[in-house]
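*Asks:* One structure follows; several queries about it will come next.
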Amino acid sequence: MWKREEIKHGAREIIRANYWPTVMVCLLGMIFPVALILADGLVSRIVILILWIVIGGPILVGINRFLMDNGEGRADGADVMVGFGNFSNCIVTMLLTTLIILAYGLLLVVPGVMKAYELRMVPVLLAEDPGMSRKECWETSKRLMENERYKAFVLDVTFLGWLALDVCTLGLAGIFWCHPYYMQTCCELYYVLHERENNRIRFSEDPDDEEEESYTDAFERLSDPGED
Numbered sequence: 006m007w008k009r010e011e012i013k014h015g016a017r018e019i020i021r022a023n024y025w026p027t028v029m030v031c032l033l034g035m036i037f038p039v040a041l042i043l044a045d046g047l048v049s050r051i052v053i054l055i056l057w058i059v060i061g062g063p064i065l066v067g068i069n070r071f072l073m074d075n076g077e078g079r080a081d082g083a084d085v086m087v088g089f090g091n092f093s094n095c096i097v098t099m100l101l102t103t104l105i106i107l108a109y110g111l112l113l114v115v116p117g118v119m120k121a122y123e124l125r126m127v128p129v130l131l132a133e134d135p136g137m138s139r140k141e142c143w144e145t146s147k148r149l150m151e152n153e154r155y156k157a158f159v160l161d162v163t164f165l166g167w168l169a170l171d172v173c174t175l176g177l178a179g180i181f182w183c184h185p186y187y188m189q190t191c192c193e194l195y196y197v198l199h200e201r202e203n204n205r206i207r208f209s210e211d212p213d214d215e216e217e218e219s220y221t222d223a224f225e226r227l228s229d230p231g232e233d
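Per my numbering, the very first residue in the sequence shown carries number 6; after that it's consecutive.
Written out as structure tokens, the structure reads:
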């Protein structure tokens with residue numbers, strides 16, 4: 006059972022330990038949306054949209070890879086390029102994932118939202134393994150988010166105050182805190198769900214294994230450089 010407060014606390018501590026690199030990397034994910042808003046003319050918007058479709062997915066995968074390594078204290082700027090190592094797979098998987106969510110959303114809002122949460126972990130899964138097939142990505146994300154969609158939704162709701170602050174500061178709060186904070190939190194959520202899935206498999210094979218450690222214990226263990 007994971008707690009929102011623990012995950013968000015872990016994300017904050019991770020960002021504070023590597024603040025400016027995290028801000029700069031997360032800023033990459035805001036370039037295309039901002040450019041699309043500021044673009045003057047239809048042609049410019051079309052060009053930006055095409056670029057966003059082509060390289061936006063791999064960039065998002067790279068950002069998530071950086072944030073995953075950030076949580077382990079070994080983030081590197083080169084992580085951003087990991088999505089380009091398997092360029093075609095990342096593009097197609099991310100594009101099809103977006104189209105599936107949009108298709109469900111066109112039917113009704115609720116199915117679209119549910120599908121978005123079901124496939125929420127696709128970018129993080131690709132960040133961990135850029136060569137993972139589309140089918141495996143979707144199935145793994147669905148399995149990780151099983152019975153967790155509502156809790157993940159509530160986790161997102163807790164960021165509404167930060168979103169309001171972002172709007173009030175014309176995006177400055179988003180650049181320097183809100184956006185990195187949210188994205189790091191999403192990666193920490195993945196770690197928790199991934200650990201739970203691994204323990205579920207391990208316990209099913211050997212019921213005498215030790216009890217699953219809490220997120221706080223896991224975070225402290227990873228944060229302690231003296232431990233292996």
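Don't be surprised by glycine CBs; every beta carbon is placed ideally from N, CA and C.
Please work out which residues of its chain come closer than 6 Å, Cβ to Cβ, to residue 195, disregarding the five sequence neighbours upstream and downstream, and give them in chain order.
*Replies:* For residue 195, where only same-chain residues beyond five positions count, the Cβ hits under 6 Å are 126, 129.
*Asks:* Thinking residue 68 and residue 30 are a contact (beta carbons under 8 Å), I'd like their distance in whole angstroms, please.
*Replies:* Right, the Cβ-Cβ distance comes to about 6 Å (below 8 Å), so this counts as a contact.
*Asks:* Does the Cβ-Cβ distance between residue 123 and residue 150 come in under 7 Å?
*Replies:* Contact: yes.
*Asks:* Just to confirm, is the Cβ distance from residue 19 to residue 75 under 7 Å?
*Replies:* Going by C-beta atoms, residue 19 is nearer than 7 Å to residue 75.
*Asks:* Could you compute how far the alpha carbon of residue 85 sits from the alpha carbon of residue 116?
*Replies:* Taking the straight line from one Cα to the other gives about 32 Å.
*Asks:* Would you check if the stretch 131-147 and the stretch 161-180 touch, i.e. whether three or more CB-CB distances between them fall below 8 Å?
*Replies:* No, because fewer than three Cβ pairs between the stretch 161-180 and the stretch 131-147 fall closer than 8 Å, the two stretches do not touch.
*Asks:* For residue 22, which of helix, strand or coil comes out of DSSP?
*Replies:* Reduced to three states, the DSSP call for residue 22 is helix.
*Asks:* Please classify residue 212 as buried or exposed, where buried requires at least 16 other C-beta atoms within 10 Å of its C-beta.
*Replies:* For residue 212, the predicted model reports a pLDDT of 48, less than 50, meaning its position is unreliable and no value from the coordinates is stated.
*Asks:* Is residue 145 helix, strand or coil by DSSP?
*Replies:* Reduced to three states, the DSSP call for residue 145 is helix.
*Asks:* Look at the alpha carbon of residue 99 and the alpha carbon of residue 62, and state the distance between them as a whole number of angstroms.
*Replies:* Taking the straight line joining both Cα atoms gives about 6 Å.
*Asks:* Rounded to a whole number of angstroms, what is the C-alpha to C-alpha distance between residue 106 and residue 82?
*Replies:* Between residue 106 and residue 82, the C-alpha separation is close to 30 Å.
*Asks:* Using 8 Å for Cβ pairs, my map puts residue 5 next to residue 88. What's the rounded Cβ distance?
*Replies:* Since the displayed the chain opens at 6 and closes at 233, residue 5 lies outside it and no answer follows.
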